[in-house]
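Chemist: Encoded as structure tokens, here's the structure I'll be asking about.
Okay, here's the thing in structure tokens:
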């Protein structure tokens, strides 16, 4: 059953990790989001809220990039160790009937989040808001950065240490994934989207149909799932609105499109968990991006204009 739109038992779980990305700084995203008063504001929406201790800051044995092989996976051990710990914690939270909100960190943390959720939701649906699809593999990735492979890993495509977290593989089926806001896809990702029939709404689709129609179609696609996870990369929003992110791509969702998407999801009652990633406070002088991230989560959990 989908979560009700009423009061929830929410656990905010900070994951200060950025070794999956090519640019450091997203590890400070969780603290920046929490500093906006997110926990207090969620309580004002009549939710029961706790903030869990941050996940330990997993670090690679060496900070040097892995360039020895043409298709090397950068910082694989650190990413795998972090995601194993995260998967266990997310699974425990769902087992306690908590509504987990994971605060990243780079988007490689979705590997652990989805693994933990899939231990409880056998037909998990994933709504992936992102300028990118993160469907690369070691063979197709131009960088070797694992934050660009997290959705592929969840589909069972990737290194054994990642795809076999908690045993189940794949964690999510292609027909239970909807990507929203894509506008920077590598050739290998395009081929995989076509091959697997993944529903991908690009910014061109949002321009043509509007975000309301796109979310309506996304909800239809996810009918039959037993839980829906929202994985929101802040770079899905236009960098004029969200400059504090490491992989900005012009032409993203507007401030209101992003909020309206979250408001529609709240009204649907279908969302059972969420994560927000790739806020990098070091890339802007103020808190504009972290405030936006916090506001989007509040819209997803019931905050309205009136």
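In the working numbering, the protein residues as written are 1 to 306.
In this text, a Cβ means the ideal position worked out from N, Cα and C, and glycines have one as well.
DSSP beta-bridge partners for residue 57?
Modeler: Partner(s): none; residue 57 has no beta bridge.
Chemist: May I have a chain-ordered list of the alpha helix (DSSP H) segments no shorter than 4 residues that lie completely inside the segment 229-293?
Modeler: Fully enclosed alpha helix (DSSP H) runs of 4 or longer: 255-268.
Chemist: Quick one: what's residue 199 bridged to in DSSP?
Modeler: Bridge partners of residue 199: 178.
Chemist: Our contact map puts residue 271 next to residue 300 with C-beta atoms below 8 Å; I'd like the distance itself, whole angstroms only.
Modeler: Yes, residue 271 and residue 300 are in contact; Cβ-Cβ is about 7 Å, under 8 Å.
Chemist: In the structure shown, what three-state DSSP assignment does residue 95 receive?
Modeler: If DSSP states are grouped into helix, strand and coil, residue 95 belongs with the helices.
Chemist: Candidates 106, 138 and 96: which alpha carbon is nearest residue 120's?
Modeler: Ranking the options by Cα distance to residue 120, first place goes to 96.
Chemist: Could you round the C-beta distance between residue 107 and residue 277 to whole angstroms and report it? I think they count as a contact, below 8 Å.
Modeler: About 5 Å; that satisfies the 8 Å criterion.
Chemist: What are the partner residues of residue 102, as DSSP defines its beta bridges?
Modeler: DSSP output for residue 102 lists 13 and 275 as bridge partner(s).
Chemist: For the structure I just gave you, are there three or more beta carbon pairs, one from the segment 218-232 and one from the segment 260-275, closer than 8 Å?
Modeler: Judged by Cβ distances under 8 Å, the segment 218-232 makes contact with the segment 260-275, as three or more pairs qualify.
Chemist: Is it the case that the segment 125-135 contacts the segment 147-156, given that we only count it when at least three CB pairs across the two stretches are under 8 Å?
Modeler: Contact between the segment 147-156 and the segment 125-135 is present, because at least three Cβ pairs lie under 8 Å.
Chemist: Provide the residue span of the alpha helix (DSSP H) that contains residue 113, from first to last.
Modeler: Residues 110-118.
Chemist: What did DSSP end up calling residue 214 once you bin it into helix, strand or coil?
Modeler: Helix at residue 214.
Chemist: Could you give the DSSP three-state label for residue 188: helix, strand or coil?
Modeler: Three-state result, residue 188: helix.
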